Amino acid sequence: MPEYRLTRALLSVYDKEGIVELAKVLSEAGVEIISTGGTYNLLYENSIKCIKIEDFTNQKEIFGGRVKTLHTKIHSGILSKRDRESEELDVDLIDLIVVNLYPFEDMIKNNVKDMSKLIEMIDIGGPTMLRAGAKNYKHVTVVPSSKYYPELIEKIKNNGIDENFRLKMAIETFRTTSYYDSVISKTLYSIDTNGELLEDTGAQSLSIPIEKVLDLRYGENPHQKASYNSVPTFADKNISDFFINGKIHGKELSYNNIGDISAAIRILSDLDANSCVVIKHSNPCGAASRNSTYDSFMAAYEGDKVSIFGGIVGFKGVVEKQSAGVLSEIFLEIIVAESFTTEAKEILMKKKNIRLMEYDKWKDIIFEDSGLFEIKKALGGVLIQERDASAPKNEQYKVVTKLAPNSEDIEDLKFAQALVKHVKSNAIVVVRDKMLLGVGAGQMNRVTSAKIALDWAGDRSKGAVVGSDAFFPMDDTVRLAAERGIKSIVQPGGSIKDEDSIKACDELGISMIFTGTRHFLH
3 MPEYRLTRAL
13 LSVYDKEGIV
23 ELAKVLSEAG
33 VEIISTGGTY
43 NLLYENSIKC
53 IKIEDFTNQK
63 EIFGGRVKTL
73 HTKIHSGILS
83 KRDRESEELD
93 VDLIDLIVVN
103 LYPFEDMIKN
113 NVKDMSKLIE
123 MIDIGGPTML
133 RAGAKNYKHV
143 TVVPSSKYYP
153 ELIEKIKNNG
163 IDENFRLKMA
173 IETFRTTSYY
183 DSVISKTLYS
193 IDTNGELLED
203 TGAQSLSIPI
213 EKVLDLRYGE
223 NPHQKASYNS
233 VPTFADKNIS
243 DFFINGKIHG
253 KELSYNNIGD
263 ISAAIRILSD
273 LDANSCVVIK
283 HSNPCGAASR
293 NSTYDSFMAA
303 YEGDKVSIFG
313 GIVGFKGVVE
323 KQSAGVLSEI
333 FLEIIVAESF
343 TTEAKEILMK
353 KKNIRLMEYD
363 KWKDIIFEDS
373 GLFEIKKALG
383 GVLIQERDAS
393 APKNEQYKVV
403 TKLAPNSEDI
413 EDLKFAQALV
423 KHVKSNAIVV
433 VRDKMLLGVG
443 AGQMNRVTSA
453 KIALDWAGDR
463 SKGAVVGSDA
473 FFPMDDTVRL
483 AAERGIKSIV
493 QPGGSIKDED
503 SIKACDELGI
513 SMIFTGTRHF
523 LH
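The opening residue of the sequence shown carries number 3 in our numbering; numbering runs sequentially from there.
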């Protein structure tokens, strides 16, 4: 195999950062530079000798610049194996490709849905050259981003663009073009020709662009590596930025931290302003809705003073001095809120490790992050489903018992339904006065979940309500609830033995509502 020699480079970049400095180094090293359009003009303005792409190919740009590098002479020079055939064909070899792409993703961030504008920001020539150079990394160096310029410059100055570097750049190039195509695919999949957002149409295949945002301390356990990754969305702000810039104090976030913060935000999205939720292992262990964040927190804390230890507390509002004083006395991993008053910060920041997360800058979008789908790893593949975006407050309530719940009961039933949707199945919650009193989560049968929730609520269950994420297969849960003084139940219904549960309620003086919507969560 012939030794790698750098004699000719092709520079064609949308992002011009650092390109002049790189071109100067190439020129000083005696490398011939070919360049396109705006890149050529910038280099010419800086007195750097270079050849216009059309002078190299003897072909002018056509179709408004859509075709300028899609030419046999360009791709022969990139893809040549540097063998006898290349010599016989007298191929003008190109040894270095420096290309970055039209910023299609910026269109999404700027909420551009005009199909004609989106189409024109799809780069064709750039990815083609990048992929060609990456394929031929044995003979060609390909650089897809300005972040690699310093390393490239160092190697040029030291006469050492080695094969390991070329392979690394080839791999980064394929990652770049794959991500780029995924962004385009996801975007065009999401809108119609008029720029209207579409529901999931059930495509047979779907590329999902995922970009690493943060390296995390570890995964679910310390021996597991982990990262947080974002998916582009039509918004001027990306919620992923919240995890980068929303932390105003404390240690780095872990995998479990981000999972718990996400769980808190999702629950708060279904609750009223000033509500508070306490999260442990992604399940709510305390929650309440009151007129102030302080009153909500104190009620949520009262609901379970044990499980809150080492948990996270989320607020749908501002944390003030009074709340901070109590919070500072509890061992917590994270507090997430719209914002913290100056006095609250002074109190809480005395605790070195606690993370304080503010979502004020993202409050207009953070509770709307429903997304199109959820992904779960499965044996040999992945499971994809729509998010359970059903709002419990808007579900159809059907009274199925002789006794109807009163207006106060209805408020508690709605609160219970909003919470149980976010508890791992089989899930049961006990609620009174819009305050969570007991949770039964993740049990293999429903009556055991009910027993756990009611045991935790204890005597407080008298006059409370019960919420269930799925139907009662038998009337045993109703009878257990009646023993503990429960006055009303909300559940989806749908069991072949619904009538048994209804009869038990009528017999025991309990009102019950069916919603018709199940909320399994695994």
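Glycine included, C-beta positions come from ideal geometry on N, C-alpha and C. Predicted model only: the values in this text are computed from it and were never measured.
For M359, the beta-bridge partners assigned by DSSP are K249 and V338. Nearest neighbour of S291 by Cα position, chosen from D306, F311 and F317, turns out to be F317. Scanning its chain for C-beta atoms nearer than 6 Å, with the 5 sequence neighbours on each side dropped, one finds around E19 the residues S148, in chain order. Taken through DSSP and simplified to helix, strand or coil, V22 comes out as helix. Measuring C-alpha to C-alpha distances from N285 to each of I515, K423, S180 and N113 identifies K423 as the nearest. Linking R448 to N258 through their CA atoms gives a straight-line distance of about 27 Å. With a 10 Å radius around the Cβ and a threshold of 16 neighbouring Cβ atoms, A134 comes out buried. Nearest to L255 by alpha-carbon distance, out of T343, L216 and L270, is L216. Rounded to whole angstroms, the gap between the alpha carbons of L510 and K404 is 11 Å.
When the Cα atoms are used, E107 and Y191 turn out to be separated by approximately 14 Å. The DSSP-derived three-state label of K379 is strand.
Within the model, the alpha-carbon separation for H521 versus T479 is close to 18 Å.
Closest by C-alpha distance to D57, out of D274, I76, G383 and N48, is I76. Going by DSSP, A459 is part of the alpha helix (DSSP H) stretching over R448 to A459. In the DSSP secondary-structure assignment, I64 is bridged to V69.
Between L95 and P129, the C-beta spacing is not below 9 Å.
Judged by beta-carbon spacing, H251 lies within the 9 Å limit of L358, meaning their Cβ atoms are closer than that value. Taking the Cα of N355 as reference, the smallest distance to any Cα among E335, G67, I241 and V384 is reached at E335. When C-beta atoms of the region 381–388 are compared with those of the region 344–355, fewer than three pairs fall below 8 Å, so the two segments do not count as touching. The distance from the Cβ of S14 to that of V101 is about 5 Å, consistent with a contact at the 8 Å cut-off.
Under the three-state reduction of DSSP output, T74 falls in the helix class. Around V144, the same chain offers I99, L132, G135, A136, M171, A172 and T175 as residues with beta carbons nearer than 7 Å, after the five sequence neighbours per side are excluded. Non-local C-beta neighbours of V233 in its own chain, meaning closer than 7 Å and more than five positions away in sequence, comprise I210, P211 and I212, ordered along the chain.
Around the CB of H141, 16 or more other CB atoms lie within 10 Å, so the residue is classed as buried.
Between the alpha carbons of E89 and Y46 lies a distance of about 31 Å. Taking K436 as reference, the option from I412, K62, W458 and D457 with the minimal CA-CA separation is I412. Per the coordinates, the alpha-carbon of S490 lies some 8 Å from the alpha-carbon of L415. Cβ contact annotation for D477 (same chain, cutoff 6 Å, sequence separation greater than five): D502, S503 and A506, in chain order.
For I35, the pairing in a beta bridge is given by DSSP as A11.
For L216, the enclosing beta strand (DSSP E) starts and ends at E213 to D217. According to the DSSP secondary-structure assignment, L510 is paired through a beta bridge with no residue. Assignment of beta-bridge partners to L385 by DSSP yields K378. Between L273 and A420 a beta carbon distance of about 6 Å is seen, short of the 8 Å cut, so the two are scored as contacting. Minimum Cα-Cα distance from S497 among the listed residues L270, D508 and D471 corresponds to D471.
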